[in-house]
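For the sequence shown, full-length UniProt numbering gives the first residue as 1, with consecutive numbering after it.
All C-beta atoms, glycine included, are put in the ideal place defined by N, C-alpha and C.
Every value quoted in this text rests on a predicted model; they were computed, and no experiment measured them.
What follows is one structure encoded as structure tokens, with my remarks underneath.
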Amino acid sequence: MPGQSNNSHPSSTAQFHHSHLPTMENDQGLLVDLYVPRKCAATNRLITSKDHASVQISIVDVDANGRALNTTTTFALCGQVRSQGESDDSINRLATKAGLLRNVWSYQK
Numbered sequence: 001m002p003g004q005s006n007n008s009h010p011s012s013t014a015q016f017h018h019s020h021l022p023t024m025e026n027d028q029g030l031l032v033d034l035y036v037p038r039k040c041a042a043t044n045r046l047i048t049s050k051d052h053a054s055v056q057i058s059i060v061d062v063d064a065n066g067r068a069l070n071t072t073t074t075f076a077l078c079g080q081v082r083s084q085g086e087s088d089d090s091i092n093r094l095a096t097k098a099g100l101l102r103n104v105w106s107y108q109k
């Protein structure tokens, strides 16, 4: 009826309970986050869940004989770095800083 408020509509009294939110468990049964944000290794910016152009590159560590070890060094790059064509220079700079490369990257003025 006109002039009467209709408070019985479900959306006007809806309450959200945490039990209805999606959760995820690991193998040990502990609750874990659904999304863990990463930071761009080149710019230190947060990589959002909507940045579909971002990549994460894992470089395997090797021993003195060149055999692969079970460890990796991982670099995450945001889509902005990739769209500017700076990912190659960024990976070279980061790998040099991490001790994976020598005499490859130099700052161009």
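If you run the structure through DSSP and keep just helix, strand and coil, what is residue i?
i: Lys-39; result: strand
i: Gln-80; result: helix
i: Leu-94; result: helix
i: Asp-88; result: helix
i: Asn-65; result: coil
i: Ser-12; result: In this predicted model, Ser-12 has a pLDDT of only 45, less than 50, meaning its place in the structure is not dependable; the value taken from the coordinates is given anyway. Correct three-state label for Ser-12: helix.
What whole-angstrom Cβ distance do residue i and residue j have, given they're in contact under 8 Å?
i: Asp-51; j: Gly-79; result: 5 Å
i: Arg-82; j: Val-55; result: 7 Å
i: Leu-30; j: Thr-23; result: Leu-30 to Thr-23, Cβ: 11 Å. No contact.
i: Thr-71; j: Ala-98; result: The pair is not a contact, with the Cβ atoms about 12 Å apart (cut-off 8 Å).
Buried or exposed: residue i, going by 16 or more other Cβ atoms within 10 Å of its Cβ?
i: Ser-90; result: buried
Do residue j and residue i come within 8 Å of each other at the CB atom, strictly closer than that value?
i: Gln-57; j: Phe-75; result: Looking at the sequence itself, residue 57 is Ile, so the reference to Gln does not match. Closer than 8 Å, so yes.
i: Ser-87; j: Leu-77; result: yes
Segment contact flag, the stretch 60-70 with the stretch 39-50, C-beta cutoff 8 Å, min 3 pairs = Result no; under three Cβ-Cβ pairs closer than 8 Å.
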